[in-house]
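Notes to accompany the following structure.
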Amino acid sequence: MLIKQQKGFTLIESIITIIIIGIVASTVSLIIGNYLENYDATSRRTKMQTSAQLAIERISREVRNALPNSVCIPDDAGTNCIPTTPATPITRTKVAFIKIIDAGYYQDTSGDYPDNTSHRVLPVSPAAASDQFDIVSGTDLRVQVDDHVAVYNINNSSIYTGNNLSKVTSVTPMNIDGVAGDDIIRLEINSKSFPLHSPQRRVHIIESNTTIFYLDGTDLKLGKSANFENVAFNPTVPASSYLLLQNVTNLSFNFDSGGPQRAGLLHIDLTVEDQGEQIHIIHEAHVYNVP
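Mapping of the sequence shown onto numbering that gives the first Met the number 0: position 230 corresponds to residue 229, and the numbering continues sequentially without gaps.
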């Protein structure tokens, strides 16, 4: 009987095969590992870039709705605004301002409406203080009780000390011509005589708190202060706030107030870092400056 020889791998061939497989596996693992690491780094940078850009856009959008001349960079004590045109630029990790809700035109002449109702004129110095005036630009104005009104705000010291603002206590739409539909809004306010007329007879409806962007450790946050009427400026960190961005290693604000014919500029310098990846953004937000 013939015995059939069986062929197999020798020990040396098996060792060589294992070594080759190991080399190939290591190479493939290294390639895949580098790819995954690069993908992770790219994703992290993209996420940081997107998050930082969204935070910057949020600040820009909010500050564009700021009451003219209400943007404030707090001093070291946090109780006063740094002059907005210092000889040497000053930067801080906090910026505060008051947001506009709406704007309209106020009654500035005495007389009667067609239904013989008397005008309620905005009280402006040297006229005596009054607690009523009329909005004559229609009844679609967004205003409600506890909002504030501001007239011709030309500096932030006036608005934060309550010099040219007053709280709304009552809102009454009125029909003055006998035709269906209301025509004007009569506002009742805390008795006030405003210091200056607006050349355009414009009145701003503003929020009853201060909007604050600030750095809390490595978190960029948005908060709202308490009621500010007739109190010194004090943008303390609010009890409740919204987280906008994490891993912030540097944040600075600097404000150039511009002028009546030139928009102000809020300079924002922001750095975000995560696992060795860093994003640095410098941005300028235009601030409407005509009161």
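Backbone N, C-alpha and C fix where the C-beta goes; we use that ideal spot for every residue, glycine too.
Nothing here was measured: the structure is a model prediction, and the numbers come from that model.
- Message: Using only CA atoms, which one of I281, E272 and T217 lies nearest to K46?
- Response: E272
- Determine the burial state of P292: buried for a count of at least 16 other Cβ atoms within 10 Å of its Cβ, exposed for fewer. Residue 292 lies beyond the residue range present for the chain, which begins at 0 and ends at 290; the question has no answer from this structure.
- Indicate the three-state DSSP secondary structure (helix, strand or coil) for V27 in the structure shown. helix
- One or two residues paired with Y241 in a DSSP bridge: L221
- Quick one: is Q106 buried, meaning 16 or more other Cβ sit within 10 Å of its Cβ, or exposed? buried
- Task: Measure the alpha-carbon distance for R304 versus S169 and round it to whole angstroms.
- Result: The chain is shown from 0 up to 290; residue 304 falls before or after that span and cannot be answered.
- Item | Beta-bridge pairing of N295 - partner residues as DSSP gives them | Lying outside 0 to 290, the shown extent of the chain, residue 295 is not represented and no answer is given.
- Query: Going by beta carbon distance, what residues of the same chain come within less than 7 Å of I18, once the five residues before and after it are set aside?
  - Reply: Excluding sequence neighbours, I18 sits near nothing in its chain.
- Task: Would you mind reading off the limits of the alpha helix (DSSP H) that contains I100?
- Result: No alpha helix (DSSP H) contains I100, which is instead part of the beta strand (DSSP E) from I99 to Y104.
- Task: Find the nearest neighbour of L121 within the set Q48, F193, F254 and T41, judged by alpha-carbon distance.
- Result: F193
- Kindly give me the distance between the Cβ atoms of R91 and S256, rounded to whole angstroms, as I take these residues to be in contact under 8 Å. 15 Å between Cβ atoms; not a contact.
- Task: Quick one: give me the first and last residue of the beta strand (DSSP E) that I211 is part of.
- Result: T210 to D215
- Rounded separation between D268 and A51 - CA only: One alpha carbon belongs to D268, the other to A51, and they sit about 11 Å apart.
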